[in-house]
Amino acid sequence: MKSVKGLEESKGPKDLKTSKDLKDLKDLIGELAGIQGPSGSEEQVRAAILEKLEGLADEVKVDALGNVIAVRHGKGPKVMLSAHMDEIGVIVTHIDEKGFLRFAPVGGLNPHRLPGARVAFLNGAIGVIGVEKLEEIKELKFARLYIDIGVTDKAGAEAKVKIGDTAVMWRPMEDLGQRVVAKALDDRIGCAILLEVLRLLKKPMNETYFVFTVEEELGRRGASTSAFGIDPGYGIAVDATITGDTPEAPKVALALGKGPAIKVKDSSLISHPGVRKLLIAAAEEAGVPYQLEVLDFGGNDAGAIHLTRAGVPSGTVSIPIRYVHTPSEMADLDDVAGAIKLLVALLEKPLAI
Ligand code: CO
Ligand code: ZN
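Residue numbering for the sequence shown follows the numbering used here, beginning at 969 and increasing consecutively.
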């Protein structure tokens, strides 16, 4: 195995307990979450991840759809970890005479969450989402919303934004102490976890693929093609999930700060029981509290990976996130640190189910 530059200086996962390590982790999450990467336009996220991968992997490549694939060699079976680079956003469908933009969602957005939100286009144009007479609208549809980019006519708008341009929610990350709030924690938090696992994993016992995928929010497209190319023996997605710990929240047994969640099922996947057991054993070995995630909706990259070729035993490590798919997603750093420790413990053993 080629020597991996930079690993000598890296510290063990237990060091994530120190406040400096937590600060570094917050900075990494904030930096990644602050980049614009709506589904199909992940270029800026990819560039940042490629830069951060320097010295951490034996091989790095970008595939035809734009997925970033970093490999750490090991003797055991091929394991594919995936976190998606893309985030939910909006796409311009029409520009009116006064310069107001109409738009459609890119990924799962709820129109009720949007009035007053700001969006940022890839070229830096900023807009605010306005709503037609809100009091008259019983069921808010995207058609009743518009984006105001601060111009007075169509020509002014077209100088800034074209039909088909995409934008993302625009908010800086706020450090609330134990918790952070930012746009796009789904799934830059997963990207940050994969990068940290790469940094902390001293001796991978498996041929380990760290895949940063495109277009998850549009139906797991990057995971489908990258998994086909890699042909892994096991698949593990690292992604955001919901919580049931806010006022009047749906009865879901997931809360911030109670540890990473090991998925049992969602509507795209029933986790392979063997993989689920391995993840639980790794959490116990690493001394990480964990939660079990059962959803009757949603899905992530593992939903695509497990259906690849003749089938791939797969599971998911989820990070509970409040207000997921809004401009202000909230996560707890203990859950992130726990996921990193769990995955390092998992990958330091040869995988077998
Ligand atoms: Co999502
Ligand atoms: Zn996600």
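Yeah, the Cβ is synthetic: ideal placement off N, Cα and C, and Gly gets one too.
Here DSSP, grouped into helix, strand and coil, assigns leucine 1113 to strand. Note that the stretch 1033 to 1053 does not touch the stretch 1061 to 1080; fewer than 3 beta-carbon pairs, one per stretch, sit closer than 8 Å.
Counting C-beta atoms within 10 angstroms of its own C-beta, phenylalanine 1265 has fewer than 16 neighbours from the protein chains shown and is therefore classed as exposed. Every beta strand (DSSP E) stretch that sits fully inside the stretch 996 to 1032 and reaches 3 residues is listed by chain position as 1027 to 1030.
The straight-line gap separating the alpha-carbon atoms of histidine 1274 and proline 1073 is approximately 27 Å. Shown here, alanine 1272 sits in a helix according to DSSP, grouped into three states. Judged by beta-carbon spacing, serine 1194 lies beyond the 7 Å limit of aspartate 1054, meaning their Cβ atoms are not closer than that value.
Residues close to the ligand ZN by the beta carbon criterion (under 6 Å to any non-hydrogen atom) are, from first to last along the chain, His1052, Asp1154, Asp1155, Glu1184, Asp1207, Ala1208, Asn1268. About 4 Å separates the CB atoms of methionine 1137 and proline 1295; that is less than 8 Å, so the two are in contact. Taken atom to atom, the span from the alpha-carbon of leucine 1263 to that of alanine 1217 is near 14 Å.
The alpha-carbon of valine 1099 is positioned some 4 Å away from that of leucine 1113.
For a cut-off of 8 Å, the C-beta gap from alanine 1160 to leucine 993 is around 7 Å, short enough to register as a contact.
Residue state for leucine 1237 is assigned as strand, using DSSP reduced to three classes. Under the Cβ criterion (8 Å, minimum of three pairs), the stretch 1141 to 1148 counts as touching the stretch 995 to 1012. Per DSSP, the continuous alpha helix (DSSP H) segment holding isoleucine 1157 begins and ends at 1153 to 1168. DSSP places isoleucine 1230 in the strand class (E or B) of the three-state scheme.
For glycine 1118, no beta strand (DSSP E) run applies, since DSSP gives it neither H nor E. Of the residues Lys1233, Gly1075, Leu1018, the one whose Cα lies closest to the Cα of threonine 1134 is Gly1075. Take the alpha-carbon of serine 1192 and the one of glycine 1267: they are about 13 Å apart. Listed in chain order, the beta strand (DSSP E) runs fully inside the stretch 1296 to 1320 are 1297 to 1300, counting runs of at least 3 residues. In this structure isoleucine 1131 is exposed. Its beta-carbon is surrounded by fewer than 16 other beta-carbon atoms within 10 angstroms.
By the Cβ-count criterion, lysine 1231 is buried, with 16 or more other Cβ atoms from all chains shown falling within 10 Å of its own Cβ.
Burial state of glutamine 1259 is buried, judged by a 10 Å Cβ sphere holding 16 or more other Cβ atoms. Per the DSSP secondary-structure output, isoleucine 1289 pairs with nothing in a beta bridge. As DSSP reads the structure, glutamine 1259 sits in a beta bridge with Ala1229.
Within the same chain, Cβ atoms closer than 6 Å to the Cβ of proline 1172 are found at Arg1040, Gly1042, Leu1315, the five residues on either side in sequence being excluded. Alanine 1195: member of the alpha helix (DSSP H) spanning 1189 to 1198, first to last residue. Pairing valine 1036 with aspartate 1121, the inter-Cα distance amounts to about 41 Å. Cβ neighbours of leucine 1021 within its own chain (closer than 6 Å, five residues either side excluded): Val1028, Ala1038. The Cβ-Cβ distance between leucine 1224 and aspartate 1155 does not fall below 7 Å. Rounded to whole angstroms, aspartate 1199 and proline 1281 show a C-alpha spacing of 12 Å.
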